[in-house]
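Trainee:
Protein chains in written order, with the working numbering: chain Y, 177 to 559; chain S, 177 to 559.
Okay, here's the thing in structure tokens:
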């Protein structure tokens with residue numbers, strides 16, 4: 177596995193809830209240019225509040241993350257815990273606390289076991305290993321079943337660098353202008369504004385994702401670019417960054433709580449992007465569409481319903497074309513329904529294409545089916 | 177059981193899908209004043225399209241209903257089927273087709289087996305029995321497990337009359353300015369505009385209901401008032417009508433697909449009704465709130481998340497008060513969480529009270545928990 181040069185990290189267990197990895201640090205030997213997008217939830221977690229302050233300078237040198245407890249809805253105490261975490265790590269690394277982005281994920285409303293975290297921070301320096309980022313990708317997981325990693329090696333002007341991304345997230349996911357936790361690290365820099373590059377890619381990927389229509393209070397995507405390998409033209413940097421974000425988005429959708437199928441909804445020929453988003457999200461979030469796909473039932477009437485319940489975007493019925501894969505579903509005959517059911521049952525990636533016949537705008541959305549596993553996971557995910 | 181005077185009805189099986197009751201007629205010997213509200217889904221069913229035409233005169237004398245097939249997304253053929261159904265019944269009853277409201281519920285996108293329906297219409301007159309409305313309430317069911325009936329006997333100025341309501345609905349239910357199928361019949365009339373009386377009651381009851389956030393293409397509430405018993409002042413008529421609508425709403429929520437618990441969300445001290453609706457619906461439709469209640473998990477952080485994801489209605493966290501029953505949940509201690517879990521586990525009616533501390537507006541919302549039963553019902557409810 178190829179890491180960006182100059183990044184050190186570790187993940188370990190510090191006993192926040194059980195004996196799985198629950199704490200991680202990422203450190204860059206060089207101060208990085210950095211950009212981040214955060215949740216729009218009106219009750220952001222304490223780390224998001226502190227992280228917004230620290231990213232203001234456009235510089236970061238480290239990220240400190242714990243899983244199993246999100247430090248959300250914990251008031252002043254929570255904010256102090258996030259600040260003290262940064263301070264303790266800054267001491268250990270010999271850098272300024274403002275160069276550290278704190279990040280937490282897990283249960284909401286429970287104070288952080290801060291003593292365990294401060295102790296882990298104070299010992300951070302000695303635990304750091306060069307690269308080692310898969311360990312971090314494992315340490316940030318909660319209800320995820322798999323690590324989510326995507327990277328691109330890029331050669332340009334005789335130099336070689338890497339953009340390396342990881343993410344977690346399986347439930348409470350409809351990012352809405354931000355996303356769950358994702359850390360993207362690079363030894364390349366870009367010849368354009370870093371935030372604009374990140375925002376563009378996030379809007380086309382993570383922001384088109386929904387597992388369950390619920391927007392987390394902890395969503396964070398952060399990009400750190402050290403520039404050790406040099407500076408890339410935007411078209412090269414952005415292409416790789418977009419591919420990584422898209423890859424992570426699909427990995428999250430595929431690993432949604434209880435999911436058995438990745439659903440990709442392509443809305444085409446929309447009047448504009450707003451219309452595409454409203455219709456795409458309505459389909460992606462309809463429990464009746466999601467359960468039909470789980471059951472291999474070509475119940476296309478539910479798709480019509482989901483499009484029709486976007487009251488302020490009426491689409492003439494005759495304009496509508498709907499496909500599962502290459503198969504047309506509207507007014508499907510009995511024979512066609514057998515093929516459609518086969519398509520749903522035999523694939524783990526389900527492509528729904530909805531042509532609105534209204535204009536030229538198009539957009540893709542990413543989600544998963546809805547199964548008994550989601551219910552079990554969330555009925556008994558205890559506080 | 178007490179029926180309004182002068183109404184005749186029957187329910188029977190005509191073999192649309194299986195051998196359960198699937199066809200019903202309601203007939204009033206007198207032409208009634210009538211009002212109806214319908215789904216706002218942009219793809220209303222054919223019966224809704226024809227019903228909107230027929231109700232325009234404010235008069236109805238009969239309703240013809242089938243379950244197991246909704247006659248939605250069936251094009252011109254579907255509309256003709258609905259018109260021909262009304263004509264066949266009109267012939268049998270010796271009345272005008274425009275005095276008949278057609279209504280269908282069931283699978284979307286499959287043409288109606290119209291021959292069976294026309295035959296049943298032609299034999300309708302001989303099947304009618306006085307009252308007999310429980311049979312209709314049974315015949316309109318789809319995935320419901322129970323008939324839903326509510327009525328009030330009213331004495332006024334020495335006369336006696338009845339308002340009698342029935343409803344069906346268990347899935348694809350977030351009515352949004354209309355509702356699933358409900359028929360309300362009375363031998364009383366009211367001294368105000370019938371539509372206004374109905375709309376007021378629907379907005380406070382059926383429109384505050386959500387089973388699964390999906391808005392059906394067939395939603396219809398119709399009220400027929402014969403006036404045989406005389407005319408009631410609005411305050412008496414509306415009170416009874418409201419109580420019936422509320423009762424039916426709760427019966428639907430309690431019988432939601434897979435549901436084990438009725439959830440009542442009371443939003444208090446909102447800035448205005450719009451804010452109350454946005455916050456109330458966000459809580460009521462959050463899969464994570466619904467699964468936590470199913471699991472008896474006092475995971476109040478999910479309530480905070482659901483309030484916070486209404487991005488355009490930020491509520492200062494310190495303003496928020498949240499109760500399950502009489503128990504405060506925000507920042508609950510371990511002991512308090514044990515009591516909260518007990519409350520969730522031991523009750524089938526769960527009252528959530530959310531005080532926003534923003535103003536004086538308040539509103540109640542009705543839904544149910546989210547269980548494996550919902551998934552099973554809808555993954556394999558075959559087309």
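Glycine included, C-beta positions come from ideal geometry on N, C-alpha and C.
#1: Per DSSP, what are the beta-bridge partners of residue 281(Y) in this structure?
#2: If the cut-off is 9 Å on Cβ atoms, which residues from the region 463-483 of chain S count as contacting chain Y, listed in chain order?
#3: Taking the beta strand (DSSP E) that residue 360(Y) belongs to, which residues open and close that run?
#4: Nearest to residue 339(Y) by CA position, among 510(Y), 316(Y), 386(Y) and 403(Y), is which residue?
#5: Residue ranges of each beta strand (DSSP E) run of no fewer than 3 residues wholly in the region 390-473 of chain Y, ordered along the chain?
#6: If we cut at 8 Å on Cβ distances, does residue 531(S) have a partner in chain Y?
#7: Just to confirm the assignment: which complete alpha helix (DSSP H) runs, minimum length 4, are found wholly within the region 309-343 of chain S?
#8: Kindly indicate if chain S contains any beta-carbon less than 8 Å away from that of residue 217(Y).
#9: What are the uninterrupted segments assigned as alpha helix (DSSP H) that are 4 or more residues long and contained completely in the region 475-541 of chain S, given in chain order?
#10: In whole angstroms, give me the CA-to-CA distance for residue 203(S) and residue 185(S).
#11: For residue 498(Y), decide whether its Cβ has a neighbour in chain S, counting only Cβ atoms nearer than 8 Å.
#12: With a threshold of 7 Å on Cβ separation, who are the neighbours of residue 373(Y) within its own chain once the five nearest residues in sequence on each side are excluded?
#13: Which residues of chain S have a Cβ atom closer than 8 Å to the Cβ of residue 491(Y), listed in chain order?
#14: Which one of 217(Y), 183(Y) and 554(Y) has the shortest CA to CA distance from residue 356(Y)?
#15: Just to make sure I have the definition right: I need the residues of chain Y whose C-beta is within less than 7 Å of the C-beta of residue 348(S). Which are they?
#16: Alpha carbons only, please: which of 487(S), 450(S) and 319(S) is nearest the one belonging to residue 432(S)?
#17: Among 502(S), 470(S) and 456(S), which one has its Cα closest to the Cα of residue 484(S)?
#18: What is the C-beta distance between residue 472(S) and residue 520(S), in whole angstroms, given that I count them as a contact (C-beta under 8 Å)?
#19: Would you identify the three-state DSSP class for residue 276(S), choosing helix, strand or coil?
#20: Could you tell me whether any Cβ in chain S is nearer than 8 Å to the Cβ of residue 261(Y)?
#21: Under a three-way DSSP split, which group does residue 378(S) fall into?
#22: Determine, for residue 213(S), whether the minimum Cβ-Cβ distance to residues of chain Y falls below 8 Å.
#23: Span of the beta strand (DSSP E) holding residue 204(S)?
#24: Whole-angstrom Cβ separation of residue 223(S) and residue 247(S), contact assumed at under 8 Å?
#25: How should residue 560(S) be labelled, buried or exposed, when 16 other C-beta atoms within 10 angstroms of its C-beta is the threshold for buried?
#26: When the Cα atoms are used, what is the spatial distance from residue 437(Y) to residue 538(S)?
#27: By the criterion of Cβ-Cβ separation under 8 Å, what are the contact partners of residue 556(Y) in chain S?
#28: Just verifying my parser: in three-state terms, what is the DSSP assignment at residue 219(S)?
#29: So, with DSSP's three-state summary, where would you put residue 263(Y)?
#30: Going by the C-beta, is residue 542(Y) closer than 7 Å to any heavy atom of the ligand COA?
#31: Residue 451(S): which of 439(S), 488(S), 253(S) and 422(S) sits nearest, CA to CA?
#32: Let me confirm a value: residue 490(S) is counted as buried when at least 16 other C-beta atoms fall within 10 Å, else exposed. Which label applies?
#33: Compare the C-beta of residue 449(S) against all C-beta atoms of chain Y and say whether one is closer than 8 Å.
#34: Considering only the beta carbon of each residue, do residue 481(Y) and residue 393(S) sit closer than 8 Å?
#35: Is it true that the region 522-534 of chain Y meets the region 321-332 of chain S, where meeting means three or more beta-carbon pairs spaced less than 8 Å apart?
#36: Please list the residues of the region 235-260 of chain S that have a C-beta atom closer than 9 Å to any C-beta atom in chain Y, keeping them in chain order.
Mentor: Put simply:
#1: Numbered from 1 along the first chain, position 105 holds the residue referred to as residue 281(Y). DSSP output for residue 281(Y) lists 245(Y) as bridge partner(s).
#2: 463, 464, 465, 466, 467, 468, 469, 470, 471, 472, 473, 474, 475, 476, 477, 478, 480, 481, 482 and 483
#3: The residue you call residue 360(Y) lines up with position 184 of the first chain. Residues 357-366.
#4: On the first chain, position 163 is the one that residue 339(Y) refers to. Residue 403(Y) is the option with its Cα nearest to residue 339(Y).
#5: 396-408 and 438-446
#6: The residue given as residue 531(S) occupies position 355 in the second chain. It does not; no Cβ of chain Y falls within 8 Å.
#7: 309-315
#8: The count along the first chain starts at 1 and reaches residue 217(Y) at position 41. Interface residue, yes.
#9: 476-484 and 510-522
#10: Walking along the second chain from the start, residue 203(S) turns up at place 27. Walking along the second chain from the start, residue 185(S) turns up at place 9. Approximately 6 Å between the Cα atoms of the pair.
#11: For the purposes of this step, residue 498(Y) is taken as residue 322 along the first chain, with counting starting at 1. Not one chain S Cβ lies under 8 Å of residue 498(Y).
#12: Taking the first chain and counting its residues from 1, the one referred to as residue 373(Y) is at position 197. So the qualifying residues of the chain are 366, 410, 413, 414 and 417.
#13: Looking up residue 491(Y) in the first chain gives position 315. Under the 8 Å cutoff, chain S gives 218.
#14: Your numbering for residue 356(Y) matches position 180 in the first chain. Of 217(Y), 183(Y) and 554(Y), the residue nearest in Cα terms is 217(Y).
#15: Counted from its first residue, the second chain places residue 348(S) at position 172. Here the neighbours are 464 and 481.
#16: Counting from one through the second chain, the residue named residue 432(S) turns up at place 256. If we check each option's Cα against that of residue 432(S), 319(S) comes out closest.
#17: Start at 1 with the first residue of the second chain, and residue 484(S) comes out as number 308. Nearest option by C-alpha distance: 456(S).
#18: To locate residue 472(S), count along the second chain from 1; it is residue 296. To locate residue 520(S), count along the second chain from 1; it is residue 344. With 8 Å as the limit, residue 472(S) and residue 520(S) qualify as a contact, their Cβ atoms being about 4 Å apart.
#19: Taking the first residue of the second chain as position 1, residue 276(S) is located at position 100. It is a strand residue.
#20: If you number the first chain from 1, residue 261(Y) lands on position 85. No, residue 261(Y) does not count as interfacial toward chain S.
#21: Residue mapping note: residue 378(S) aligns to position 202 of the second chain, counting from 1. The answer is helix: DSSP assigns residue 378(S) an H, G or I state.
#22: By one-based count along the second chain, residue 213(S) stands at place 37. Residue 213(S) does not count as touching chain Y.
#23: As a position in the second chain, residue 204(S) is number 28, starting the count at 1. Looking at the DSSP string, the run of the beta strand (DSSP E) that includes residue 204(S) is 199-214.
#24: Residue mapping note: residue 223(S) aligns to position 47 of the second chain, counting from 1. Residue mapping note: residue 247(S) aligns to position 71 of the second chain, counting from 1. So it is a contact: roughly 6 Å between Cβ atoms.
#25: Because chain S is modelled from 177 through 559, residue 560(S) falls outside the range shown and cannot be assessed.
#26: The sequence position of residue 437(Y) within the first chain is 261, counting from 1. The sequence position of residue 538(S) within the second chain is 362, counting from 1. When rounded, the distance between both Cα atoms is 41 Å.
#27: Reading the first chain from its first residue, position 380 is the one you call residue 556(Y). Near residue 556(Y) (Cβ distances below 8 Å), the residues of chain S are 471 and 473.
#28: Locating residue 219(S) in the second chain gives position 43, where the first residue counts as 1. Residue 219(S): coil per DSSP, three-state reduction.
#29: Sequence index remark: in the first chain, residue 263(Y) carries index 87 (1-based). Residue 263(Y) falls in the helix class under three-state DSSP.
#30: No copy of the ligand COA occurs in the structure displayed, which carries no ligand at all.
#31: Here residue 451(S) corresponds to residue number 275 of the second chain, with the count starting at 1. Ranking the options by Cα distance to residue 451(S), first place goes to 488(S).
#32: Walking along the second chain from the start, residue 490(S) turns up at place 314. So residue 490(S) counts as exposed.
#33: Sequence index remark: in the second chain, residue 449(S) carries index 273 (1-based). It does not: the Cβ of residue 449(S) has no partner Cβ on chain Y nearer than 8 Å.
#34: As a position in the first chain, residue 481(Y) is number 305, starting the count at 1. As a position in the second chain, residue 393(S) is number 217, starting the count at 1. Against a cut-off of 8 Å, the Cβ pair of residue 393(S) and residue 481(Y) comes out as a contact.
#35: no
#36: 246, 248, 249, 250 and 251
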